[in-house]
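Here the structure comes first, spelled out in structure tokens, and everything after it is commentary.
2 protein chains.
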Amino acid sequence: MTICKIYITFAENLNNYAFMKNKRNRLQIISEILRSTVVGSQDELLKLLIDKQCDVTQATLSRDLKLLKVAKTPLSNGAYKYILPSYNKPLASQGAYNSLVAHGAILSLEFSGQLAVVKTKPGYASAIAWDIDNKANDQVLGTIAGDDTILVIPREGVSREDILSMLNIAFSEKN
Amino acid sequence: MTICKIYITFAENLNNYAFMKNKRNRLQIISEILRSTVVGSQDELLKLLIDKQCDVTQATLSRDLKLLKVAKTPLSNGAYKYILPSYNKPLASQGAYNSLVAHGAILSLEFSGQLAVVKTKPGYASAIAWDIDNKANDQVLGTIAGDDTILVIPREGVSREDILSMLNIAFSEKN
DNA sequence: ACAATATTTGAATAAAAATACATCTAATTT
DNA sequence: AAATTAGATGTATTTTTATTCAAATATTGT
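Chains as they are written, first to last, in numbering that gives the first Met the number 0: chain W, 0 to 174; chain H, 0 to 174.
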């Protein structure tokens, strides 16, 4: 089995929110917002979504957040923040990661039992492994990188789909 | 990054909950419970605390959880769970690896299936892996070390506790 | 010890989030 | 295409969580 890098492309132009009406796109938008903004309540998020022509109710939002496994966590300043499971890291590393993927540095991803093996272009393994480590702490216990191969050890209970979506290779609504 | 290893020191007499009435001890008990139990609501936690002779109200609990920065996150099974922030994960140190752990070289140990993954400070992995290989031949089939991660493959029939006591690292459940 | 100050707490309440239920819409089957 | 089924959503409501306010408790300074 070889998994290729077809998917990644669609993450690009998420700007044109007006055309996005269905659930999947709404979830994408929510992810985007939560990744870039401190949101402390569903009502707050609701307003942000409506600003983006995305009309929903708090009920739907509650369901969406549950689907996305978004956690609500207290901040040091006394406020609260919703946190996405895999995007609670700085955007910087994420950007770096994305560009690596975009350039085809990741060649393939295969699973064996509970383990995943990522093949990269020669020399890229440690760099990408580092990114995976930092970005996917929730899903991944750890990585071991050679020169062009990374062994990814998922945490218990983390599905293959979780790993895939973590890598932005596929966006899955089912989890 | 500093991992906090405070807990175990006064984890001794956590049995005697009756004598613990003040805030600090309550927070400690809450941490303990959340580390070892799936708790989905404050009322649930409230009952667990009352079971332990720790009488509080939901209001106090809400404040405590905010103080501890405990996040509420959805689980795959549709339920919810309170999660302590990662730096609350206990990492204890005694015995052979004391110095390494004390110096923070070993950052964490977690299991996934039959495998164990040890995280170390960058560069330490091979050194520590070599030690494990040599000292734990009975329990361990082999190790694979990256730069800051060691994959430990236990022999068949070797329990997690065996590995833990081998490493003299106190058991720490993934929250 | 006493007063002054700050912290902790519970009761009541407000605010926020989750869900039951009905309805609508999209997909699938026949 | 009509019927059936599954999925998505809104409204209303319940459940859960955060906070206000006042009282109690602890802490500090004199």
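Note that CB positions come from ideal geometry on N, CA and C, so glycine has one too. All figures in this text were calculated on a predicted structure; none of them were measured in a lab.
Buried or exposed: where does residue i fall if 16 or more other Cβ atoms within 10 Å of its Cβ makes it buried?
| i | result |
| --- | --- |
| D54 of chain H | exposed |
| P121 of chain H | exposed |
| D50 of chain W | exposed |
| K46 of chain W | exposed |
| L213 of chain H | No answer is possible for residue 213 of chain H: it lies beyond the span of chain H, which begins at 0 and ends at 174. |
| V100 of chain H | Legend: pLDDT at V100 of chain H = 46, less than 50; position of this residue unreliable, no value from coordinates given. |
| S111 of chain H | buried |
| T142 of chain W | buried |
| W129 of chain H | exposed |
| R25 of chain W | buried |
| Q57 of chain W | exposed |
| Q52 of chain W | exposed |
| T36 of chain W | exposed |
| P179 of chain W | No statement about residue 179 of chain W is possible, as the shown extent of chain W runs from 0 to 174 and does not include it. |
| K88 of chain H | Annotation note: pLDDT 35 at K88 of chain H (below 50); position unreliable, coordinate value reported separately. With 16 or more other Cβ atoms within 10 Å, it is buried. |
For residue i, which residues does DSSP report across the bridge?
| i | result |
| --- | --- |
| T36 of chain H | None; T36 of chain H has no bridge partner. |
| E109 of chain H | H:V116 |
| I176 of chain W | Because chain W is modelled from 0 through 174, residue 176 of chain W falls outside the range shown and cannot be assessed. |
If you follow the alpha helix (DSSP H) that residue i is part of, which residue opens it and which one closes it?
| i | result |
| --- | --- |
| L64 of chain H | Q57 to L66 |
| A124 of chain W | A124 to K134 |
If I follow the unbroken beta strand (DSSP E) through residue i, where does it start and stop?
| i | result |
| --- | --- |
| K46 of chain H | Run containing K46 of chain H: none in the beta strand (DSSP E); it sits in the alpha helix (DSSP H), Q41 to D50. |
| I141 of chain W | Inspection of the sequence shows that residue 141 of chain W is occupied by Gly rather than by Ile. Element bounds for G141 of chain W: V139 to A144. |
| L150 of chain H | T148 to P153 |
| P73 of chain H | A70 to P73 |
Report the residue from the options whose alpha carbon sits nearest the alpha carbon of residue i.
| i | options | result |
| --- | --- | --- |
| A124 of chain W | W:A135, W:I131 and W:T148 | W:T148 |
| E160 of chain W | W:Q113, W:N133 and W:D132 | W:Q113 |
| T59 of chain W | W:N21, W:K80 and W:P84 | W:N21 |
| G77 of chain W | H:D63, H:S111 and H:L74 | H:D63 |
| Q27 of chain W | W:V69, W:I127 and W:I131 | W:V69 |
| Q41 of chain W | W:I29, W:R34, W:R23 and W:S35 | W:I29 |
| K134 of chain W | W:Q57, W:R34, W:E155 and W:R25 | W:R34 |
| A115 of chain H | W:L48, W:Y79, W:E155 and W:Y81 | W:E155 |
| S61 of chain H | H:S75, H:E43, H:Q52 and H:I131 | H:E43 |
| L66 of chain W | H:L66, H:Y79 and H:A144 | H:Y79 |
| V38 of chain W | W:P153, W:P73 and W:Q52 | W:P73 |
| I162 of chain H | H:D146, H:I127 and H:I131 | H:I131 |
| L106 of chain H | H:V157, H:D146, H:E31 and H:Y81 | H:D146 |
| V117 of chain W | W:Y81, W:S75, W:S158 and W:V151 | W:V151 |
| L83 of chain W | W:A144, W:S75, W:D137 and W:R23 | W:D137 |
| I32 of chain H | H:K71, H:Y81 and H:A144 | H:Y81 |
| A144 of chain W | W:A126, W:V157 and W:L48 | W:A126 |
| V157 of chain W | H:L48, H:S75 and H:K71 | H:S75 |
Say the cut is 8 Å; is the CB of residue i nearer than that to a heavy atom of the ligand SAM?
| i | result |
| --- | --- |
| L140 of chain W | Within the structure as shown, the ligand SAM is missing, as the structure has no ligands at all. |
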